[in-house]
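Read in order, the letters of the sequence shown correspond to residues 397 to 551 in this note's numbering. One structure is given here, and the rest of the page talks about it.
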Amino acid sequence: MNKKLFIDPSGTGTTGICIVGSEITFLKCENKDWKEHFKKILELVKEYSFDTVVYEINNYVGPVNRGRDIINLLKLFAAIDTLAYYFPGLKVNTVSAKQTQQMKEQIRNKEKGIAGLNYQRGKAWTYQDKNISVHEVDAFLVYWIWKGNNYDTNK
397 MNKKLFIDPS GTGTTGICIV GSEITFLKCE NKDWKEHFKK ILELVKEYSF
447 DTVVYEINNY VGPVNRGRDI INLLKLFAAI DTLAYYFPGL KVNTVSAKQT
497 QQMKEQIRNK EKGIAGLNYQ RGKAWTYQDK NISVHEVDAF LVYWIWKGNN
547 YDTNK
């Protein structure tokens, strides 16, 4: 199985990262500068030679959200999209933030479940009994949604 990178991006906060290969690894990048988030993603792409990068995308651009944070997030989206031009064979896909949030809510309400992923009210999310942040959960759900959409036959 080739390694794949799944991202819950943030331009000015915490980017959640989920690396899927023979095992699942969680990382996060915390920084106020969107360029540092992209730098971390770029370092990972170079280090792991991923064949696929999938990130959560949203359309939060409205009159209320026209601040610096959303502009930096849009810059990060664009930077992630350029990876396919610099790494031949790399596929870049997106998953809707709405899908991710719906799935997270269904898991919280015990309407759906994913083996190994647990949520207890008032406590942290865990994956295989290890605490993971909400951003890492979102990156994992990006993977789970992407996997279910049959974008790639080498899952």
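Heads up, the beta-carbon is just placed ideally off N, CA and C, and yes, glycines get one too. Quick caveat, the model's predicted, so the values are computed rather than measured.
Given a threshold of 16 other Cβ atoms within 10 Å of its Cβ, counted over all protein chains shown, does D429 qualify as buried or as exposed?
As a first step, residue 429 must be located in the sequence shown, where it is residue number 33. Exposed, since its Cβ has fewer than 16 Cβ neighbours within 10 Å.
Check whether the Cβ atoms of V488 and I541 lie closer than 8 Å to each other.
Locating residue 488 in the sequence shown gives position 92, where the first residue counts as 1. Locating residue 541 in the sequence shown gives position 145, where the first residue counts as 1. Not in contact: V488 and I541 (Cβ atoms no closer than 8 Å).
Which residue marks the beginning of the beta strand (DSSP E) containing N468, and which one marks its end?
For the purposes of this step, residue 468 is identified with residue 72 of the sequence shown, where counting begins at 1. Note, N468: premise wrong, no beta strand (DSSP E); alpha helix (DSSP H) at 464-482.
With DSSP as the reference, label L423 as helix, strand or coil.
As a position in the sequence shown, residue 423 is number 27, starting the count at 1. Note: L423 maps to strand in three-state DSSP.
Do you know whose CA, among S406, G512, I420, lies nearest F434's CA?
The residue labelled residue 434 in the question sits at position 38 within the sequence shown. Of S406, G512, I420, the residue nearest in Cα terms is S406.
Quick one: measure Cβ to Cβ for A535 and C414, integer angstroms, because I've assumed they're closer than 8 Å.
To locate residue 535, count along the sequence shown from 1; it is residue 139. To locate residue 414, count along the sequence shown from 1; it is residue 18. Rounded, the Cβ-Cβ distance is 4 Å, consistent with contact.
Between the C-alpha atoms of A474 and K519, what's the straight-line distance to the nearest angstrom?
Counting from 1 along the sequence shown, the entry for residue 474 is found at position 78. Counting from 1 along the sequence shown, the entry for residue 519 is found at position 123. Those two C-alpha atoms are separated by around 35 Å.
What does a CB cutoff of less than 6 Å around K521 pick up in its chain, not counting 5 residues either side in sequence?
Stepping through the sequence shown from its first residue, residue 521 is reached at position 125. The residue you asked about is not Lys; residue 521 is Trp in the sequence shown. So the list reads Y515, I528, V533, once near-sequence residues are dropped.
Which residues in the same chain have their Cβ closer than 6 Å to the Cβ of Y480, if we skip the five residues on either side of it in sequence?
Here residue 480 corresponds to residue number 84 of the sequence shown, with the count starting at 1. Note on identity: in this sequence residue 480 is Ala, with Tyr being the wrong assignment. Same-chain partners within the cutoff: L486, V488.
Taking just the CA atoms, how far does T411 sit from L472?
Translated into the one-based positions of the sequence shown, residue 472 becomes position 76. Translated into the one-based positions of the sequence shown, residue 411 becomes position 15. Computed Cα separation, rounded: 11 Å.
Comparing alpha-carbon positions, which option in N427, Y539, I467, I476 lies nearest L440?
As a first step, residue 440 is located in the sequence shown; it is residue number 44 there, counting from the start. Per the Cα distances, I476.
Classify N468: buried if its beta carbon has 16 or more other beta carbons within 10 angstroms, exposed otherwise.
Within the sequence shown, numbered from 1, the residue matching residue 468 stands at position 72. Flag for N468 reads buried.
Can you find the residues in the same chain that come closer than 7 Å, C-beta to C-beta, to Q495, ignoring five residues on each side of it along the sequence?
As a position in the sequence shown, residue 495 is number 99, starting the count at 1. Hits under 7 Å: I541.
Could you say which of H531, K399, N427 lies nearest to D447 if we only look at CA atoms?
Taking the first residue of the sequence shown as position 1, residue 447 is located at position 51. The shortest Cα separation from D447 among H531, K399, N427 belongs to K399.
Roughly how many whole angstroms lie between the Cα atoms of I466 and E452?
Counting from 1 along the sequence shown, the entry for residue 466 is found at position 70. Counting from 1 along the sequence shown, the entry for residue 452 is found at position 56. Going by the C-alpha atoms only, they are around 14 Å apart.
Note down the Cα distance separating T408 from V450, rounded to an integer number of angstroms.
For the purposes of this step, residue 408 is taken as the residue at position 12 of the sequence shown. For the purposes of this step, residue 450 is taken as the residue at position 54 of the sequence shown. Answer to the nearest angstrom: the Cα atoms are 19 Å apart.
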